[in-house]
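Visitor: Please read through the structure below; I'll follow up with questions.
Protein chains in written order, with my numbering: chain A, 1 to 226; chain B, 1 to 177.
Below you can see the structure in the form of structure tokens.
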């Protein structure tokens, strides 16, 4: 390592260097006050990292089934109205996560309209609209892909779904990578009148290749190419 | 469509989306803290219910949703451990588990702030820190995992820590408290 190249100090602090590299760096540190000062700053950052558990970097639902989800939903359904939050804006809440996010705009008309007011009253410039009907399932979907800063918000209006169907919105980018932008269940009302749903994905609008709805059991329902 | 009709739909949608995105992270964390899968599931359930009740805090707080959920899960584990501690018969059960560290009100803020800071550095910087620090990989292993030369892993981890420091020192970090 050259006298003033301290870029190995990062891996040194994180404990990731090979033993011979550690020895070489120890020797350098012994004779270089500047490096020791920098080391102290980096060590402080390592301590900050320790505030976050390693499990914070796991994504997706738990691996084995959704009994836990069902239990939680039962508890929420059984909760008294007094327990409920005064105002609920789950689509904004979840958008705050800004990674792979989703918020149902609900099976209901009122929620759909409210969320449109809150999120964007008209689709922003650069939005793409596509409608498709699947020949087999006879399900029709109108898809709007709205640009965000480096990511996209996707609204769908799906008609002719079966009540009780558990659906996922799956976005495929041009590299072929897929993202689940949320999942929801079709209420009887949404089956009759159309189900509106929205979700965000960390894919820029111009990289969105298609938006698919499938059941969580893996059955294809409808795809809109974008 | 009245209030009573739309509340359950909205609540369910919130719980389902939080579960789909954060469930694995929360359950793994709670399982490590409690050392017991069934107890961990209870903790996750309570965490999600609290998230639903405090949806507005989540919106208005600056920290990440993930950070909020993990923090709440840890607080629930801590509170339950304290409740058990007043009943001596059960103390032995918790003795050989890793302690739930420190003053949790302090940690609460920090977990959220640090996760938020990690969201603000570039994906390359974040990823190299996850590999080296959180997954405990060596430079050689991380290089293979990330498909870059070992020299890049070294310099990137250095610049990642510098970038994190810049974010933490910036005005954003103060706003986030």
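The beta-carbon is built from N, C-alpha and C at its ideal position, and this holds for glycine as well.
Since this is a predicted model, take the numbers as computed values, not measurements.
Kindly list, in the order they appear in chain B, the residues whose Cβ is closer than 8 Å to that of residue 141 of chain A.
Guide: Correct list: empty, because the minimum Cβ distance to chain B is about 18 Å.
Visitor: Alpha carbons only, please: which of A:202, A:224 and A:148 is nearest the one belonging to residue 209 of chain A?
Guide: Checking every option, the nearest Cα to that of residue 209 of chain A belongs to A:224.
Visitor: How is residue 136 of chain A classed by DSSP in three states: helix, strand or coil?
Guide: coil
Visitor: Check each residue of the region 139-150 of chain B: if its Cβ is closer than 8 Å to any Cβ of chain A, include it; give the result in chain order.
Guide: 139, 140 and 142
Visitor: Can you find the residues in the same chain that come closer than 7 Å, C-beta to C-beta, to residue 143 of chain B, ignoring five residues on each side of it along the sequence?
Guide: 149, 150 and 153
Visitor: Beta-carbon of residue 19 of chain A versus every beta-carbon of chain B: anything under 8 Å?
Guide: no
Visitor: Is the beta carbon of residue 221 of chain A sitting closer than 8 Å to the one on residue 154 of chain A?
Guide: no
Visitor: So, does the CB of residue 120 of chain A fall closer than 8 Å to a CB anywhere in chain B?
Guide: Unreliable placement is indicated for residue 120 of chain A, whose pLDDT of 34 sits below 50; no coordinate value is reported for it.
Visitor: Please confirm if residue 161 of chain A has its CB atom under 8 Å from at least one CB of chain B.
Guide: no
Visitor: If you run the structure through DSSP and keep just helix, strand and coil, what is residue 54 of chain B?
Guide: Three-state result, residue 54 of chain B: coil.
Visitor: Using a Cβ cut-off of 8 Å (strictly closer), state whether residue 155 of chain B contacts chain A.
Guide: yes
Visitor: What does the Cβ neighbour count give for residue 96 of chain B, buried or exposed, with the cut at 16 atoms within 10 Å?
Guide: For residue 96 of chain B, the predicted model reports a pLDDT of 41, less than 50, meaning its position is unreliable; a value from the coordinates is still stated below. By the 10 Å Cβ count, residue 96 of chain B comes out exposed.
Visitor: Mind checking whether the beta-carbon of residue 44 of chain A lies closer than 7 Å to any heavy atom of the ligand FAD?
Guide: This structure does not include the ligand FAD; it has no bound ligands of any sort.
Visitor: Please name the residue or residues paired with residue 153 of chain A in a DSSP beta bridge.
Guide: A:146 and A:200
Visitor: Give the straight-line distance between the Cα atoms of residue 18 of chain B and residue 176 of chain A, rounded to the nearest whole angstrom.
Guide: 25 Å
Visitor: Can you tell me where the beta strand (DSSP E) holding residue 28 of chain A begins and where it ends?
Guide: Membership of residue 28 of chain A in any beta strand (DSSP E) is not indicated; the residue belongs instead to the alpha helix (DSSP H) covering 19-30.
Visitor: Let me know if residue 157 of chain B comes out buried or exposed under the rule of 16 or more other beta-carbons within 10 Å of its beta-carbon.
Guide: Burial of residue 157 of chain B is indicated by the presence of at least 16 other C-beta atoms within 10 angstroms of its C-beta.
Visitor: Can the beta-carbon of residue 160 of chain A be found closer than 8 Å to that of residue 196 of chain A?
Guide: Their beta carbons are not under 8 Å apart, which means residue 160 of chain A does not touch residue 196 of chain A by this criterion.
Visitor: In the region 49-80 of chain A, which residues sit with their C-beta less than 7 Å from some C-beta in chain B, listed in chain order?
Guide: 49, 51, 52, 53, 54, 55, 56, 57, 58, 59, 60, 61, 62, 63, 68, 69, 71, 72, 73, 75, 76 and 77
Visitor: Using the DSSP secondary-structure output, state which residues sit across from residue 128 of chain A in a beta bridge.
Guide: Per DSSP, A:145.
Visitor: Could you check if residue 112 of chain A is buried or exposed, using at least 16 other CB atoms within 10 Å of its CB as the buried criterion?
Guide: Confidence in residue 112 of chain A is poor, its pLDDT being 27 and thus under 50, which makes the residue's placement unreliable; the coordinate value appears in the next sentence. Counting Cβ neighbours within 10 Å, residue 112 of chain A comes out buried, since at least 16 surround it.
Visitor: Measure from the alpha carbon of residue 227 of chain A to the alpha carbon of each residue in A:152, A:55, A:136 and A:49, then state which is nearest.
Guide: Missing from the structure shown is residue 227 of chain A; chain A here goes from 1 to 226 and no further.
Visitor: Closest Cβ-Cβ distance between residue 36 of chain B and chain A: below 8 Å?
Guide: no
Visitor: Tell me, please, which residues DSSP counts as bridged to residue 184 of chain A.
Guide: A:167
Visitor: Would you report the Cα separation of residue 22 of chain A and residue 216 of chain A, rounded to the nearest angstrom?
Guide: 49 Å
Visitor: Quick one: Cα of residue 184 of chain A to Cα of residue 69 of chain A, how far?
Guide: Taking the straight line joining both Cα atoms gives about 12 Å.
Visitor: What is the DSSP secondary structure of residue 206 of chain A, counted as helix, strand or coil?
Guide: helix
Visitor: Grouping DSSP H, G and I as helix and E and B as strand, with all else coil, what is residue 224 of chain A?
Guide: Note: residue 224 of chain A maps to strand in three-state DSSP.
Visitor: Got a sec: is the Cβ-Cβ distance from residue 9 of chain A to anything in chain B below 8 Å?
Guide: yes
Visitor: What does residue 45 of chain A reach in chain B if we use C-beta pairs closer than 7 Å?
Guide: 161, 164 and 165
Visitor: Does the separation of the CB atoms of residue 185 of chain B and residue 43 of chain B fall below 8 Å?
Guide: No answer is possible for residue 185 of chain B: it lies beyond the span of chain B, which begins at 1 and ends at 177.
Visitor: Give the range of the alpha helix (DSSP H) segment to which residue 150 of chain B is assigned.
Guide: DSSP places residue 150 of chain B in the uninterrupted alpha helix (DSSP H) bounded by 150-169.
Visitor: Helix or strand or just coil, what does DSSP make of residue 76 of chain A?
Guide: helix
Visitor: From residue 90 of chain A to residue 213 of chain A, what does the alpha carbon distance come to, in whole angstroms?
Guide: Because the pLDDT at residue 90 of chain A is just 48, under 50, the model does not fix this residue reliably, and the value given afterwards should be weighed accordingly. Cα to Cα, the separation comes out at about 21 Å.
Visitor: Between the Cα of residue 128 of chain B and the Cα atoms of B:38, B:33, B:159 and B:84, which residue gives the shortest distance?
Guide: B:159
Visitor: Do residue 61 of chain A and residue 23 of chain B count as a contact pair if the criterion is CB distance below 8 Å?
Guide: Taking 8 Å as the cut-off, the beta carbon of residue 23 of chain B is found closer than this to the beta carbon of residue 61 of chain A.
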